[in-house]
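Numbering (this note's numbering), first residue to last: 522 to 783.
Below is one structure, written out as structure tokens, with a few remarks after it.
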């Protein structure tokens, strides 16, 4: 029993780097297409809603609607990029290609593999979020000095959503089940967490629900920094994202151990 639990945890602090590097080398062959794909959806929201609807909406929370929307799109791009990398690419490596099975014949434990996959998904989220920030900053929708403070938050956001998605990966029998997570969890979160309009516009019950959602915490850290404003309750938001990153990691490790090693 003890050996089985140990196998579901990282063997040391460095083995995950080999998993990250393996995924990076595979991704490097299609890097350009991957980056364009990650940026396409949030950029469409940013310019489609920001410039189109922004004319009607005007100013939101003391800034232009495009600038308001930019912070939400950075967090959203981190969320979607990390999630899709985990529920599709990582699931493929585990289920279809059985790459994980081959890795388990080495010195790697299941925990090493999971941690490496989460780190890689967070790295892709970092690239996607940073791309939106660069565009927003060049166009004047974000301030240069404060952008530096956003980068660690993007990485943490990516790790949190990758960790949550790994639980879904552990439970899903096939690819078809991922659509339920996308439509029933990710899409409602986009509209509940203040990405496209202020949470204050929602009914009180929905506002209370939003306080517990990871995307809301990410946006509450990212948007003020991009606008050069102080963020309130930073410790609360960072702590919440850390909880979403850590607890699902252990849950997914237990679920994947039962799925792969029992």
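For glycine and all other residues, C-beta sits at the position ideal for the given N, C-alpha and C.
Quick caveat, the model's predicted, so the values are computed rather than measured.
Contiguous alpha helix (DSSP H) elements confined to the segment 566-604 occur at 575-578, taking only those with 4 or more residues. Taking the Cα positions, residue 565 is about 19 Å away from residue 645. Put simply, of 670, 742 and 780 the residue whose alpha carbon is nearest the alpha carbon of residue 754 is 742. C-alpha of residue 660 to C-alpha of residue 591: approximately 11 Å in a straight line. Non-local C-beta neighbours of residue 676 in its own chain, meaning closer than 6 Å and more than five positions away in sequence, comprise 643 and 647, ordered along the chain. Across the set 680, 705, 767 and 736, the C-alpha of 736 shows the shortest separation from the C-alpha of residue 720.
A distance below 7 Å separates the beta carbons of residue 686 and residue 607. Contact check for residue 683 against residue 603 passes: the beta carbons are separated by less than 7 Å. Note that the C-beta distance between residue 688 and residue 772 is below 7 Å. Taking C-beta atoms as the reference points, residue 632 and residue 530 count as a pair closer than 7 Å. In terms of CA proximity to residue 629, 539 leads the group 550, 695, 539 and 760.
Residue state for residue 676 is assigned as helix, using DSSP reduced to three classes.
748 is the residue among 634, 748, 722 and 693 whose C-alpha sits nearest the C-alpha of residue 668. Take the alpha-carbon of residue 572 and the one of residue 587: they are about 6 Å apart. Using a Cβ distance threshold of 7 Å, residue 560 and residue 650 do not count as a contacting pair.
Non-local C-beta neighbours of residue 775 in its own chain, meaning closer than 8 Å and more than five positions away in sequence, comprise 529, ordered along the chain. Counting the other CB atoms within 10 Å of its CB gives residue 536 a total of 16 or more, which places it among the buried residues. Minimum Cα-Cα distance from residue 738 among the listed residues 555, 546 and 681 corresponds to 681. Straight across, the Cα-Cα distance linking residue 694 with residue 656 is about 39 Å.
Counting along the chain, the unbroken alpha helix (DSSP H) around residue 659 starts and ends at 631-659. The shortest CA-to-CA distance from residue 673 to any of 758, 769 and 638 is the one to 758. Excluding the 5 residues flanking it on each side, residue 545 has same chain C-beta neighbours closer than 8 Å at 641 and 644, in chain order. DSSP, reduced to helix, strand and coil, places residue 558 within a helical segment of the structure shown. At the C-beta level, residue 746 and residue 670 come within 7 Å of one another. Contact annotation: residue 731 and residue 678 have beta-carbon atoms that are not nearer than 7 Å. Taken atom to atom, the span from the alpha-carbon of residue 593 to that of residue 740 is near 6 Å. Taking the CA atoms as reference points, residue 589 sits about 36 Å from residue 542.
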